[in-house]
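Next comes the structure, spelled out in structure tokens:
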């Protein structure tokens, strides 16, 4: 891949970190919010857990590839880390209201 | 970062595929072997070479065995640091007894968990395992390694690296990368339909390799995607332990409701109670399954809170005749045999989940599909291996001109994970047949030695691959591939001969009976050895072509460089 020779190492490492860690944070937030939300809507706990994780492993490869395809790296980090944190916080809020 | 979407996908596919491909290779290959894990167990434990048996009588056979079981000296030793003060002579408060079998198991696996007095952490338990012959109740030697179900199988999802679940995480990451590589691979190759029918092995190695990579990737794409995906779903609890961390309070809330709903006691009552006839409970469970139109055998039998008034017996159905992995559990009060609960019908989500995981774990009886799984897994291996070779072929001449060692290192690692892995696999089978029945005192257990041989042989193959890959740095083929193919061609029939010599079960006998678990593995070994010999001869020819094309080392035939 001739293109790889022109890539700066910092950019590459940051992209990889965004895809792996940012992606993980985002998917964690998704699983948490979806579990808490579905449970709040009356779905049995383990059903909510299973459905969320099935969707999670379809979501993760998608955001992983988007992290490399997106033009601006700052936006990738903002969406993945920011979105992940927001969803995680929302999940805790839902839990707080239920317990 | 990239000029186009397609270039970004190409970069992800190439580099993540390369780095995690080495792990994926092991996951796919040992996963393919795990399809026949029980059959490999029969080969490796000759005492267990007889027909599969149903669950035996609990009252007459299993109960006395359970009552005599105790944790092994090893696990007691490991428990020592987790308690304050001395450990008891005997663990006499069993939390749980369990017996598990499938339609492919001649032997029966039993386990028992015990309370540990003075444990530092509450709810610490110590476990004992035993494998018995269900026809007689006799115990099989404890140190025999079930190479299929206790080594190849866990290897394919955990690499047997249990520290901090590290192996699970590595394989999980590799599975994610598999999904990513499949999607990015489809994006890279726009003419996906045409590639379905394209294979040009007569062109150069690079072209033929790429064709085979695309062919195996595209033809088996649904298979690859499904197995990587469901593998992740099966261990979702490890990768995203949300319900045990962040949402633990919500989980506890649910458990409290659940225990009230199921009526199955969570704790011991502290009042001793006898155990009623479990055989009667099993008969009742089977009667209830039959009335639901799903008569079947027992796959899993468990007694919880043994000897206590809160004790209960759970009877689960073997999943021989359906994809979804469900036990239709029926639970009885241990002291009286009174029905406590029948597991409710599955919800829609549970139906999807058990179908996905069941199709991966395939407890059902379907021999044709079993073989298709093996072929799918091996197609995955071909796809990954040709990916490595394409990577090397595309770069090795450039690297040779620039004096780089990158292509050589990748080639050596590829040989290690392709042919080296096969040699290690043959190594453990051969060690299994060569080691004496009992090892001298002071030695590790027989099964442990077999495992050490496996890793030791693999390391040797790696050393050999790095040593014998020097010509790659000059733009040639590494002799390591050919030499390791010859090693496979020699070791595979040697394993078959050793099986004959040590057990008397030669192919004429196992085919005539027929006893497929052993005959099948022996035949597969012979076919594998033959293919390796064919490959070795072809590699020899390619090396001779290199000699003609690149007469002196260091001269790179630039005219031959074609970009695929």
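Protein chains in written order, with my numbering: chain A, 42 to 140; chain B, 3 to 566. Cβ atoms here follow ideal geometry from the backbone N, Cα and C, with glycine treated the same way.
Just curious, the beta strand (DSSP E) that residue 317(B) is in, first and last residue? On the second chain, position 315 is the one that residue 317(B) refers to. Segment 314-319, the beta strand (DSSP E) holding residue 317(B).
Decide if residue 216(B) is buried, meaning its Cβ has at least 16 other Cβ atoms within 10 Å, or exposed. Sequence index remark: in the second chain, residue 216(B) carries index 214 (1-based). Residue 216(B) should be labelled buried.
If residue 500(B) sits next to residue 436(B), beta carbons under 8 Å apart, how far is it from one beta carbon to the other, in whole angstroms? Counted from its first residue, the second chain places residue 500(B) at position 498. Counted from its first residue, the second chain places residue 436(B) at position 434. The Cβ separation is near 7 Å, so the contact holds.
Quick one: list the residues of chain B neighbouring residue 56(A), beta-carbon separation under 7 Å, in chain order. On the first chain, residue 56(A) is found 15 positions in, with the first residue counted as 1. Those are 3, listed as they occur along chain B.
For residue 127(B), which beta-bridge partners are listed by DSSP? Residue numbering aside, residue 127(B) sits at position 125 when the second chain is read from its first letter. DSSP output for residue 127(B) lists 117(B) as bridge partner(s).
Between which two residues does the beta strand (DSSP E) holding residue 34(B) run? In the second chain, counting from the first residue as 1, residue 34(B) sits at position 32. Unbroken run through residue 34(B) is the alpha helix (DSSP H), 7-36; no beta strand (DSSP E).
Would you identify the three-state DSSP class for residue 42(A), choosing helix, strand or coil? Position 1 of the first chain, counted from the start, is the residue given in the question as residue 42(A). Here residue 42(A) scores only 40 on pLDDT, less than 50, and its place in the model should not be relied on; the value that follows carries that caveat. Correct three-state label for residue 42(A): coil.
Residues that residue 570(B) contacts on chain A, provided the C-beta gap is smaller than 9 Å: In this structure chain B extends from 3 to 566, so residue 570(B) is not present and cannot be described.
Would you be able to state if there are at least three C-beta pairs under 8 Å between the region 514-523 of chain B and the region 465-472 of chain B? no
Does DSSP put residue 97(B) in a helix, a strand or coil? If you number the second chain from 1, residue 97(B) lands on position 95. Reduced to three states, the DSSP call for residue 97(B) is strand.
Let me know if residue 457(B) comes out buried or exposed under the rule of 16 or more other beta-carbons within 10 Å of its beta-carbon. Looking up residue 457(B) in the second chain gives position 455. Classification for residue 457(B): exposed.
Can you check which of these residues, 508(B), 229(B), 498(B), 535(B), is closest to residue 527(B) by C-alpha distance? Here residue 527(B) corresponds to residue number 525 of the second chain, with the count starting at 1. The residue with the shortest Cα to Cα distance from residue 527(B) is 498(B).
If you scan the region 63-117 of chain A from start to end, which runs of the alpha helix (DSSP H) of 4 or more residues do you find wholly inside it? 64-81, 86-110
Assuming residue 13(B) contacts residue 4(B) (C-beta within less than 8 Å), just tell me the rounded distance between them. Here residue 13(B) refers to the residue found at position 11 of the second chain. Here residue 4(B) refers to the residue found at position 2 of the second chain. About 6 Å; that satisfies the 8 Å criterion.
Distance CB(residue 412(B))-CB(residue 393(B)) smaller than 8 Å: Translated into the one-based positions of the second chain, residue 412(B) becomes position 410. Translated into the one-based positions of the second chain, residue 393(B) becomes position 391. Going by C-beta atoms, residue 412(B) is nearer than 8 Å to residue 393(B).
Through-space distance from residue 101(A) to residue 57(A), alpha-carbon basis: Stepping through the first chain from its first residue, residue 57(A) is reached at position 16. Stepping through the first chain from its first residue, residue 101(A) is reached at position 60. The alpha-carbon atoms of residue 57(A) and residue 101(A) are separated by roughly 14 Å.
Simplified DSSP state of residue 557(B), which is helix, strand or coil: Against the second chain, residue 557(B) aligns to sequence position 555. With a pLDDT of 42 at residue 557(B), under the threshold of 50, the predicted position of this residue should be treated as unreliable, though the coordinate-derived value follows. Residue 557(B): coil per DSSP, three-state reduction.
CB-CB length for residue 179(B) against residue 390(B), believed under 8 Å: Residue mapping note: residue 179(B) aligns to position 177 of the second chain, counting from 1. Residue mapping note: residue 390(B) aligns to position 388 of the second chain, counting from 1. Not really, about 14 Å apart at Cβ, beyond 8 Å.
Could you pull the start and end residues of the beta strand (DSSP E) that residue 301(B) belongs to? Translated into the one-based positions of the second chain, residue 301(B) becomes position 299. Note, residue 301(B): beta strand (DSSP E), 300-306.
Proximal chain B residues relative to residue 128(A), where beta-carbon distance stays under 9 Å: The count along the first chain starts at 1 and reaches residue 128(A) at position 87. Here the premise fails: no neighbours, minimum Cβ distance about 11 Å.
Could you name the residues that DSSP lists as bridge partners for residue 274(B)? Walking along the second chain from the start, residue 274(B) turns up at place 272. Answer is 310(B), bridged to residue 274(B).
Residue closest to residue 177(B), alpha-carbon to alpha-carbon, out of 235(B), 188(B), 212(B), 461(B): Sequence index remark: in the second chain, residue 177(B) carries index 175 (1-based). Checking every option, the nearest Cα to that of residue 177(B) belongs to 235(B).
Excluding the five sequence neighbours on either side, which residues of its own chain have a C-beta within less than 7 Å of the C-beta of residue 279(B), listed in chain order? By one-based count along the second chain, residue 279(B) stands at place 277. These residues qualify, in order along the chain: 61, 339.
For chain B, find out if any of its Cβ atoms is closer than 8 Å to the Cβ of residue 44(A); answer yes or no. Walking along the first chain from the start, residue 44(A) turns up at place 3. Bear in mind that a pLDDT of 45 at residue 44(A), under 50, signals an unreliable position, so the number given afterwards is only what the model happens to contain. Closer than 8 Å to some Cβ of chain B, the Cβ of residue 44(A) qualifies, so yes.
For the 8 Å Cβ check, are there 3 or more pairs between the region 152-167 of chain B and the region 29-41 of chain B? yes
What is the residue span of the beta strand (DSSP E) that residue 333(B) lies within? To locate residue 333(B), count along the second chain from 1; it is residue 331. Start and end: 332-335.
Roughly how many angstroms separate the alpha carbons of residue 209(B) and residue 146(B), rounded to a whole number? As a first step, residue 209(B) is located in the second chain; it is residue number 207 there, counting from the start. As a first step, residue 146(B) is located in the second chain; it is residue number 144 there, counting from the start. The straight-line gap from Cα to Cα measures roughly 47 Å.
With a CB to CB cut of under 6 Å and the five nearest residues on each side skipped, what residues in its chain are close to residue 441(B)? Counted from its first residue, the second chain places residue 441(B) at position 439. Cβ neighbours of residue 441(B) beyond the five flanking positions: 448.
Run down chain B in chain order and give the residues with a C-beta less than 8 Å from the C-beta of residue 102(A). For the purposes of this step, residue 102(A) is identified with residue 61 of the first chain, where counting begins at 1. Neighbours of residue 102(A) on chain B, chain order: 178, 181, 182, 185.
Please report the residue range of the alpha helix (DSSP H) in which residue 395(B) lies. Position 393 of the second chain holds residue 395(B). Taken as a continuous stretch (DSSP letters only), the alpha helix (DSSP H) holding residue 395(B) covers 369-404.
Looking only at DSSP bridge pairs, what is residue 341(B) linked to? Counting from one through the second chain, the residue named residue 341(B) turns up at place 339. Per DSSP, 334(B).
Give the straight-line distance between the Cα atoms of residue 49(B) and residue 86(A), rounded to the nearest whole angstrom. Within the second chain, the letter at position 47 stands for residue 49(B). Within the first chain, the letter at position 45 stands for residue 86(A). Roughly 45 Å between the two C-alpha positions.
Go to residue 83(B), then tell me how far its alpha helix (DSSP H) extends in each direction, as first and last residue. Here residue 83(B) is taken as the residue at index 81 of the second chain, counted from 1. Neither: residue 83(B) is in no alpha helix (DSSP H) and is coded neither H nor E.
Taking the DSSP output, what are the residues bridged to residue 141(B)? Numbered from its first residue, the second chain carries residue 141(B) at position 139. In DSSP, residue 141(B) forms a bridge with 134(B).
Residue of 343(B), 229(B), 408(B), 45(B) minimising C-alpha distance to residue 508(B): By one-based count along the second chain, residue 508(B) stands at place 506. Measuring from the Cα of residue 508(B), the nearest candidate turns out to be 45(B).
What did DSSP end up calling residue 517(B) once you bin it into helix, strand or coil? Sequence index remark: in the second chain, residue 517(B) carries index 515 (1-based). Note: residue 517(B) maps to coil in three-state DSSP.
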